[in-house]
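Beneath this line is the structure, given in structure tokens, with notes to follow.
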Amino acid sequence: MMRTILSVVGAATLLTAAPLAAEPWKLDKDHVHVTFTVDNIGFSTTQGQFRDFDAEIDFDPENIEAASVTFTLKSDSVDTNSKSRDNHVKSKEFLDVKNFPEIVFRSTKVRLVDDRTAEITGEMSMKGVTQEEVFTAHLVRIGPSPFNAEDTIAGFYVEGELDRTDYGVSYGVPAIGAKVPIRIDIQMNPES
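All letters in the sequence shown, in the order written, are residues -21 to -1, 1 to 171 by mature numbering (1 follows the signal peptide of the UniProt record, and there is no 0).
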């Protein structure tokens, strides 16, 4: 279905001998959320988010596997709805935001799984450690804005899970969960 929907957007590319390269897209930051959860001593789940982030995205709806992304989080923008907990998460025992102000994911490969799903492999750098991670991107919708048909919008949600101990963030394990599920809800538009 994704290819059928997207063929309308990229029909012109079918007439050319060479495929078009992925082009820059920009985040609509008013409609992007970066959230995570952590098990709290087996009694509850702590939910959090990062409020300051940016991304460089190259995307071709007709050639998903040519896409690339660099997603950057400002580590001191972590928000778990508790000032004292946030200060602890920002400390050396967790993110050490003074020495490591950014968490960065750089894609190295995108593999189309089916018409609405892609697997994104890349390098995650956090707290001075870089590890390969794999995230799954799910297409919500791509098409013209209902408010302006000349504006194209793409919506995705991206899911994955990190083991924070891989990055030297082992405070409280196992009482505080090592596995951290992540979800990023993304809305983006072509830059041009």
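Note that beta-carbon positions come from the ideal geometry of N, C-alpha and C, so glycine has one too.
Bear in mind that the values here come from a model prediction, so they are computed numbers and not experimental data.
Practice item. Determine the closest residue to Glu35 out of Phe22, Thr51, Phe29, with distance taken between C-alpha atoms. Key: Thr51
Check your understanding: Which residue's Cα is closest to the Cα of Glu98: Val113, Ile161, Ser104, Phe84?
Key -> Val113
Check your understanding: According to DSSP, is Ile161 helix, strand or coil?
Key -> DSSP places Ile161 in the strand class (E or B) of the three-state scheme.
Practice item. Report the residue from Arg120, Phe79, Glu2, Val17 whose alpha carbon sits nearest the alpha carbon of Val108. Key: Phe79
Point to revise | Pairwise C-alpha distance: Asp65 and Lys106 | key: 16 angstroms
Review point. Anyone know if the C-beta pair for Val83 and Thr49 falls short of 9 angstroms?
Key: Yes.
Review point. Which term fits Ser124, buried or exposed, when burial requires 16 or more other beta carbons within 10 angstroms of its beta carbon?
Key: exposed
Exercise for review: Go ahead and pull the three-state DSSP assignment for Arg85.
Suggested key: Looking at Arg85 - three-state DSSP - the assignment turns out to be strand.
Check your understanding: Based on the DSSP secondary-structure assignment, which residues constitute the bridge partners of Ser104?
Key -> DSSP, once it has assigned bridges, lists Val83, Thr109 as partnering Ser104.
Review point. Where does Asp75 sit, in a helix, a strand or coil, going by DSSP?
Key: coil
Exercise for review: Specify whether the stretch 148 to 161 and the stretch 118 to 134 touch according to this definition: at least 3 beta carbon pairs, one from each stretch, less than 8 angstroms apart.
Suggested key: no
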